[in-house]
Structure formats: structure tokens, C-alpha cells
Amino acid sequence: MLDIKFVREHTPEVKKMLKLRGKEIDLSPILQLDEDRRILLKKTEELRTERNKISSLKPSPETIEQGKRVKEEIKTVELQLDGVGKQLEEKLSWLPNMIGPDVPEGRDESDNQEIRRWGEPKKFDFEPLDHLEIGKRLDLLDLETAAEIAGPRMGILKNEAVLMQFGLVELVLKFLIGQGFQPVIPPALVKEKVMWGAGYFPGSRAGHYKLEGEELYLAGTAEHPLSAMHAEETIAEEKLPLKYAGYSTSFRTEAGSYGRDVRGIIRVHQFDKIEQFIFTKPQDSYSQLEKTVENNEWLLRKLEIPYRVVALCSGDLGTVAAKTYDVEAWIPSQKTYRELMSASNATDYQARRFNTRYKTKEGKTELVHTVNDTASAIGRTLVAILENYQQKDGSVGVPEILQHYVGKKVIVPK
RNA sequence: GGCGGGAUGGCUGAGUGGACGAAAGCGAUUGUCUCGAAAACAAUUACCUCAUCUUUUGGGGUCGCAGGUUCGAAUCCUGCUCCCGCCGCCA
């Protein structure tokens with residue numbers, strides 16, 4: 174969420190941000206509500222001052238009579254103030270974050286800017302199969318049975334794919350622990366206020382599952398519970414940055430993605446993921462963002478999967494993100510790079526909603542910044558491995574770093 | 001799921017209608033003392049917010065949360081949340 178004071182004092186910049194993001198939100202109702210609220214606040218406080226004065230006097234029939242009158246007035250004004258305040262917050266919570274420095278301007282995905290590439294896409298002397306076909310032939314993936322059990326966009330991982338998943342989890346967690354991250358398995362069910370605080374509500378409500386009869390949602394990513402870990406807290410400066418590596422199953426309705434990535438497990442309702450989440454001092458958030466991306470690159474290099482790093486343009490940026498890098502792996506069957514990881518600096522947008530602050534050495538309390546990045550979206554990582562390591566005879570090589578987890582160098586048809 | 005107990009400042013904990021933003025102790029910070037430290041003594045020690053002549057002054061709010069009663073609520077009433085204990089169930 175943006176600071177209303179900031180919106181008031183930097184209205185032209187906020188308008189420019191909305192334009193760059195391609196959002197059509199009219200600021201005038203927000204500014205009007207803000208003004209109304211401040212007038213009502215002043216009025217309320219004046220009346221309260223009066224009440225406090227009266228009630229500090231010795232009670233007499235006159236003062237009690239006066240107090241009764243003031244009480245009624247306060248009631249009316251407070252009711253108005255409350256109403257205006259709620260409207261303001263509702264409207265304000267739809268505004269996306271300000272755009273960070275060096276974010277390329279653009280309308281959509283096609284304007285994203287490639288930052289760097291690593292590795293050469295492998296030349297196959299045969300037509301490479303897609304991961305679903307490979308998974309079927311090697312008995313690693315079963316989407317038909319999954320569909321019977323749970324409907325479309327679901328998957329069953331089997332055999333070596335399962336071993337690879339656990340291998341990846343261990344590999345990535347150990348690496349991140351070495352980088353100062355605390356491993357965490359957070360709840361996959363979260364309260365509405367968590368979804369709101371993380372910045373996904375109200376905007377992305379439709380993308381998430383709500384539990385019948387409960388005020389709980391299935392987390393769409395470990396980012397949701399992790400972002401709330403220090404809500405309503407003031408963290409000591411020397412504890413920052415606080416770095417968490419959260420492992421969690423993630424759930425997405427994928428509403429609005431009809432027809433996209435329908436084959437295989439690139440886009441499914443349920444997947445497992447390790448997420449990097451960092452609470453940091455404001456001045457360090459952009460450098461932390463770069464570091465998380467380096468961690469992504471470490472993994473893909475270890476797996477020897479060609480990738481590129483892309484900076485999202487203003488129009489493709491998510492609501493909470495001031496800046497986002499996507500790390501995309503080469504997918505041979507699609508002859509293109511596909512998003513595996515996504516790193517964002519949310520600056521103080523989430524911290525303001527959660528009221529997560531830190532105390533500086535000078536004794537001032539300020540909002541922290543939050544940075545989040547996939548460490549490994551395991552399903553998609555498996556896709557990249559299967560496709561890039563496939564061989565002409567139908568077998569799939571196991572990346573060297575995972576061989577000891579899988580117990581073999583090559584997966585052959587059973 | 002049932003029954004019982006609880007929630008007050010960084011911590012422990014007092015406070016059952018007005019003088020309470022809140023006793024006392026601990027902790028922390030500063031000072032005196034000391035070569036230095038400890039001890040002792042003294043002082044300071046929550047946060048949010050609005051306005052302002054913006055290292056100033058004044059106002060408002062905050063005792064788990066939300067309502068209510070009252071001229072006046074940490075204190076009374078209602079609902080909720082969370083924590084602790086016992087029983088039940090259970091991986």
C-alpha cells in the first residue's frame with residue numbers, strides 16, 4: 174500500500190506510475206476522501222479535547238449536561254470519520270506500488286528487457302519431446318489419473334521425479350542456509366488479512382482458493398505466510414536482513430489462464446516451491462534483490478540448464494513489485510525461455526500493510542523493505558531438467574548434482 | 001469438540017468507575033564514583049497519529065481486538081481472537 178501522505182504530496186508521480194503500469198485509476202476520489210477525513214479528524218479531536226476538559230472537572234449537574242451534549246456530537250462525527258476512513262483505505266489498497274529505478278518502460282511482456290544469458294541451448298539431432306511426453310514414457314508423470322482424482326491442471330509425480338524433487342529441496346535449502354537463510358515450513362492456510370497484507374488482495378482475489386465455511390485461504394506461495402511473519406513488529410536494526418527460505422505447497426486457481434500452458438505441469442493448481450523472503454533495511458533492498466537472483470542463477474548453473482534473466486517492464490510488473498526480474502530457463506520443446514523464478518522488491522508496500530518496522534540506531538522507527546524470490550519452483554525445474562536432459566533413445570540423464578539423490582545417472586523406460 | 005483459567009509497558013507484575021499512560025521490581029541508557037570494571041547512588045526509559053514558528057510546542061488515541069453502558073472506562077457489559085491447563089479425538 175502507498176502512504177496516503179505520499180499520494181497527497183506526490184500526486185503527479187503517482188499518476189505517472191499508474192500510466193506506466195497501464196492502470197486506469199482515478200486519484201481524485203482518493204484525494205477528496207483524504208481531505209474529508211482530515212477535516213473530520215480535526216473536528217473529532219477538538220470535540221474530544223472538550224470532553225476531556227469537562228470530565229476532568231468536578232461533576233455537577235451543569236457539567237454532566239454539557240458532557241451529554243458533547244458525547245452526542247462526538248458520536249455523530251466519529252461515525253462519519255469511520256465511514257470516510259474505511260472508504261479511503263479500500264480505494265487506497267487498489268493502488269499498486271511505485272515503480273523502482275531502472276525499470277524499463279513498456280506495455281506488456283514483449284517490452285521486457287533481457288539482462289543476461291547463460292548457457293547455449295542444446296542442439297538435438299532429433300525432435301525433442303515435451304516434458305509431459307517424456308514423463309509418460311518414463312513413468313514419472315501421470316496427469317490422467319490426477320485429472321480423475323482432482324480435475325484438470327493437477328499432476329502426479331512418480332518414481333525418479335519424486336526423488337529429484339526431494340533432492341532439489343535438500344540441495345536448495347542447504348545452499349540457502351549457507352547464504353544465511355533460515356529454513357521455514359510455513360502454514361499453507363492463511364487468513365484474509367495475510368493475503369491482503371502481502372498485497373494480493375483485493376487485486377488478485379480470484380486467483381486464490383478460499384476454504385468453505387472458514388475465513389482461510391490456500392496460500393498461493395510461501396511468500397504469503399512469510400511476509401506476515403513479522404506483522405505488527407518492530408525489529409532491531411542489527412537483526413536485519415532477516416532471510417527466510419520457506420518450503421511450501423502453493424495453490425492457484427489459475428482463473429483467467431484458460432488455454433494457456435494446458436499441457437503438462439508448467440501451470441497447475443498445486444505445486445511445491447521454495448521461496449526466498451527477505452526483510453531488509455530500505456537502503457539494502459535493491460542489492461538484496463540482485464543477490465536473490467544470483468542464488469537462482471547458482472541453481473540453474475549447477476543443473477546446467479541454459480537461462481536468461483529478464484527485467485520486467487513497467488506494464489508487466491505485479492501490483493506489489495517496484496522491480497522484478499524473471500529468471501527463465503530454456504525449454505527445448507517450446508524453443509523458448511520460460512519463467513522458472515521471479516524476484517521482486519516490494520519496497521515498503523507489504524511492510525506498510527503489515528506494519529513491519531525496524532528501529533534505527535538513531536532511535537527512529539521506519540518501515541522495512543521486503544524482497545521475495547522463488548528459490549526453486551520444483552515442478553517447473555523438473556520440466557526444465559526432463560526436457561534439457563532428454564536423449565535420443567528416450568532416456569533422460571540426471572544432472573550430476575542430483576545423481577546422488579536419485580541414485581542413478583540415467584532414467585530409462587521401465 | 002467440551003470444561004476451566006488468562007491477556008496491562010522490553011520483561012515480571014499492581015491496579016475493580018474520575019487525580020491512571022498507568023505502582024513496584026527487573027532490564028536498558030546516561031551521570032557521579034573508579035586507572036577501568038563491578039557495586040552503590042541519581043536521572044532517564046512505550047507507541048501511533050494530527051497540527052505547528054519542524055531538533056520546538058500543542059492536541060488526539062492506544063492497557064489482546066471490536067462494539068456497548070457512562071458526563072467520565074485499564075476497571076462494568078456483550079461478542080471475538082489468541083495463550084495456558086484438563087478431557088475427548090488424532091498423524
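Sequential numbering from 174 applies to the first sequence in the working numbering.
Backbone N, C-alpha and C fix where the C-beta goes; we use that ideal spot for every residue, glycine too.
Helix, strand or coil for residue i? Go by DSSP, reduced to three states.
i	result
N545	strand
E470	helix
L415	strand
T520	coil
A371	coil
V569	strand
Y459	helix
P398	helix
K589	An answer regarding residue 589 cannot be provided, because it is not within the stretch 174 to 587 covered by the chain.
L555	helix
K296	coil
K362	Checking the displayed sequence, the identity of residue 362 turns out to be Leu instead of Lys. The answer is strand: DSSP assigns L362 an E or B state.
L490	coil
L384	coil
L313	coil
E278	coil
D434	coil
E238	helix
R425	coil
I439	coil
P185	helix
A404	coil
State the start and end residues of the unbroken alpha helix (DSSP H) segment that holds residue i.
i	result
W267	It is not in any alpha helix (DSSP H) - W267 carries neither H nor E in the DSSP assignment.
E317	L316 to A323
Q205	S201 to S229
K309	H304 to R310
R181	I177 to E182
Going by C-alpha to C-alpha distance, which of the options sits closest to residue i?
i	options	result
G491	E182, V357 and L193	L193
Y417	I307, L175 and F450	F450
Y562	E512, E197 and I478	I478
A361	I350, E343 and H397	H397
D255	L214, G419, M174 and E186	L214
G580	D303, F339 and Q253	F339
E182	I198, G195 and L204	L204
D499	G240, Q286 and P202	Q286
H577	F444, L341 and T394	L341
K534	R210, I408, T394 and P325	I408
L123	Q507, D521, A519 and W503	Absent from the model: residue 123. The displayed extent of the chain is 174 to 587, so no value can be given.
E263	K244, L330 and F374	F374
K196	G376, L230 and E246	G376
L476	T538, G258, L344 and Y390	L344
F179	D298, L265, L305 and L384	L265
W267	E306, S229, D176 and N332	D176
I272	G419, M190 and A428	M190
G567	N528, R474 and D312	D312
A428	A484, Y459 and G380	G380
Using the DSSP secondary-structure output, state which residues sit across from residue i in a beta bridge.
i	result
A409	K532
R481	R290 and E501
T538	K532
Y420	I447
Y510	W503
A550	K446
Q563	V569
S515	D499
V583	G570
L252	Paired residue(s): none; L252 is not in a bridge.
L191	In the DSSP output, where bridge partners are listed per residue, L191 has none listed.
L330	L314
Residue i lies in the beta strand (DSSP E); which residues open and close that run?
i	result
F444	Q443 to T453
Y390	L389 to L391
K347	First-last for K347: E333 to G351, but that is the alpha helix (DSSP H), not the beta strand (DSSP E).
V357	Q355 to V357
Hey, residue i and residue j are a contact pair by Cβ (cut 8 Å); roughly how many whole angstroms apart?
i	j	result
T236	I227	5 Å
V363	A392	5 Å
I588	V556	Since the first residue of the chain shown is 174 and the last is 587, residue 588 is not available in this structure.
L559	G308	6 Å
A495	N518	5 Å
G279	G488	5 Å
P301	S506	5 Å
V276	C486	7 Å
A516	T543	With a Cβ gap of about 12 Å, A516 and T543 do not count as contacting.
L206	L261	4 Å
K582	V571	6 Å
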